[in-house]
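Protein chains in written order, with my numbering: chain A, 1 to 291; chain B, 1001 to 1306.
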């Protein structure tokens, strides 16, 4: 189905949306690891997306690196910054962590705006090329990476590591009593989640062709959160469904004007209020009723 | 030397008036947190709604339809913004906080739900009012008051007067009225307060309404001194959080001190480092505070989140 998607949606416009969708799947998967499985409300995920995008682009454009080498460095950079943010998560929980991560996202955004000698600030970086020649190839590349990440994470969360992360989510004190070093595993989840978001970030500039800090504002964190929660937080397939639905729904409704973010806001609030388990849980309970 | 002194006093004056605005916004957040242990993420968007309500009341309704003089129209618009904020607060309380409380949701679900409300409010206003900034001229903004070599606008004097009055009224309410005492009782121990016959749901709703009304008034005061767009409030929320964290979550005195401090630091950042770095400095302070003293300037009793 993924392989056939570019032919089912023939126009250049819809093929672009497909690439965006594959990127959103990666982002939703990355946030879900931290928020869904480890239970850490992280509002700073947009920062890692931005770090991936800027580090890879600057290494390519300014220093003439090869794309894959630059992408590797960008993923590593995002992952390391993620581990650094985890230093806060070790000491802070709940609302405090949410606000600390939000502050972190704002600081990253401000650095992108103000460090003009490196990032060009709000003027932006132009003429960025994608690593592959056309949109369909880019879609296969990002979707393929999405699949790889999905299966790796799926294995991870079903392994003892996944049990450890869930133990931290459910009750950190009890987990610590059972010998779980929460600090290390939180750093692991934050770092891995950040690296995956950074990976998505490597493909974004080439896809759009330009790079401006506004693409990585805190609202980007909220859209990722909406995808994870609408789909079903703490399940593997949920965030994927959420990313697909929330990428395509606004496009289908485009006739009603630019409503993308309004839809995200409404969906987020309604799902939290009426189906906290997201679409995955709603589907499961629907199946139960019929059976 | 006198030049330097003048500069320092002038920037402190600017900082205090900015700080008063932050206090108005942050106090609402901290009030709700104190009573409910919840964050209303859409709180700062109520500021934007207040600002737009005031803008349309002052420039369209009061002057055009009622033929009021400019100053009277602007003062009337403060009350319109208060009403708009209170109404929004009641809506969010009834539609989001109350149902989630009944379903026994964990502490983060209301935060996430109100993030949705915030995104909706910002983009709803974007659809209604467009992205182009509105020029909200307060008649008081044109009048300059001079004291020695210090200058400030009548608008900033009004900001300080209204916020001091609002905070004094809030304190009097909390200290002397029955509902205020009930509010403090619920903040201390919700279950016991309920057992003592206090209608906790009413108290919680009232708290959110009061907090939101403060945000609405802050919007009417803020509108003429900033660039008014649908995202004005959104850019304020993280700064308001900074005040709340620096002051200590749920602690009113701490929040007032922190709000003034953030305002003054902002004024001096503009003077010495440039306006582009304001957010960077304030949030670096926020993160630093979270690392060295997460309980805020004035420590709270409860520390389960830290």
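By construction, the Cβ of each residue, glycine as well, lies at the ideal position given by its N, Cα and C atoms.
| Item | Value |
| --- | --- |
| State the DSSP-derived secondary structure class of residue 128 (chain A), mapped to helix, strand or coil. | coil |
| Taking CB distances under 7 Å as the criterion, tell me whether residue 295 (chain A) reaches chain B. | Since the first and last residues shown for chain A are 1 and 291, residue 295 (chain A) lies out of range. |
| Spell out the partners DSSP gives residue 1153 (chain B) in its beta bridges. | B:1144 |
| So for residue 289 (chain A), helix, strand or coil by DSSP? | helix |
| What ranges does the beta strand (DSSP E) occupy inside the stretch 1187-1231 of chain B, keeping only unbroken runs of at least 3 residues that lie completely in it? | none |
| Determine the closest residue to residue 1036 (chain B) out of B:1263, B:1202, B:1285, with distance taken between C-alpha atoms. | B:1202 |
| Any idea what DSSP makes of residue 1305 (chain B), helix, strand or coil? | Reliability fails at residue 1305 (chain B), whose pLDDT of 42 lies under 50, so the model's placement of it is uncertain and no value is given. |
| Is there a Cβ of chain A sitting closer than 7 Å to that of residue 1133 (chain B), yes or no? | no |
| Can you round the beta-carbon distance between residue 33 (chain A) and residue 153 (chain A) to whole angstroms, since I take them to be within the 8 Å contact cut? | 6 Å |
| Tell me where the alpha helix (DSSP H) around residue 1279 (chain B) begins and ends. | 1278-1292 |
| Along chain B, in chain order, which residues have C-beta atoms closer than 8 Å to that of residue 114 (chain A)? | 1276, 1277, 1280 |
| In angstroms, rounded to a whole number, what distance separates the CA positions of residue 229 (chain A) and residue 41 (chain A)? | 12 Å |
| Give me the residue from B:1228, B:1057, B:1174, B:1019 with the minimum Cα distance to residue 1159 (chain B). | B:1019 |
| What does the Cβ neighbour count give for residue 241 (chain A), buried or exposed, with the cut at 16 atoms within 10 Å? | buried |
| For residue 209 (chain A), which residues of its own chain have a beta-carbon under 6 Å away from its beta-carbon, when the five flanking residues on both sides are left out? | 128 |
| Is the separation between the beta-carbon of residue 1233 (chain B) and that of residue 1003 (chain B) shorter than 7 Å? | no |
| For chain A, is any of its Cβ atoms less than 7 Å away from the one on residue 1115 (chain B)? | yes |
| Take the Cβ of residue 12 (chain A) as the centre, count every other Cβ of all protein chains shown within 10 Å, and call the residue buried at 16 or more, exposed below. | exposed |
| Verify the CB distance criterion: does residue 1099 (chain B) have a CB-CB separation below 7 Å to chain A? | yes |
| Does residue 126 (chain A) pass the burial test, meaning 16 or more other C-beta atoms within 10 Å, or should it be called exposed? | exposed |
| Rounded to whole angstroms, what's the CA-CA distance from residue 101 (chain A) to residue 290 (chain A)? Just pull it up for me. | 42 Å |
| I'd like the span of the alpha helix (DSSP H) that includes residue 108 (chain A), first residue to last. | 94-114 |
| Note down, in chain order, every chain B residue with its Cβ under 9 Å from the Cβ of residue 41 (chain A). | 1108, 1111, 1112 |
| How is the alpha helix (DSSP H) around residue 35 (chain A) delimited, first residue to last? | Residue 35 (chain A) -> no alpha helix (DSSP H), and no H or E assigned at all. |
| What are the residues that DSSP puts in a beta bridge with residue 1134 (chain B)? | B:1228 |
| Can you pull the chain B residues whose beta carbon is under 9 Å from the beta carbon of residue 277 (chain A), in chain order? | Result: empty, since nearest Cβ-Cβ is about 12 Å, beyond 9 Å. |
| With residue 218 (chain A) as the anchor, note down where its alpha helix (DSSP H) starts and where it stops. | 218-231 |
| I'd like to know if residue 1039 (chain B) contacts chain D, where contact means its C-beta is closer than 7 Å to some C-beta of that chain. | Reference to chain D is not applicable here, since the protein chains of this structure are A and B. |
| Relative to the C-alpha of residue 283 (chain A), which residue among A:265, A:270, A:232 is closest? | A:232 |
| Could you compute how far the alpha carbon of residue 1200 (chain B) sits from the alpha carbon of residue 1118 (chain B)? | 26 Å |
| Does the stretch 1145-1159 of chain B come close enough to the stretch 1080-1091 of chain B that 3 or more CB-CB pairs lie under 8 Å? | no |
| Given 6 Å as the limit, tell me if residue 163 (chain A) has its C-beta closer than that to any heavy atom belonging to the ligand COA. | Annotation note on the ligand COA: not contained in the displayed structure, which lists no ligands. |
| Go ahead and pull the three-state DSSP assignment for residue 1005 (chain B). | helix |
| Of all the options A:166, A:53, A:168, A:134, which has the alpha carbon lying nearest to the alpha carbon of residue 119 (chain A)? | A:53 |
| Of all the CB atoms in chain B, is at least one closer than 7 Å to the CB of residue 102 (chain A)? | yes |
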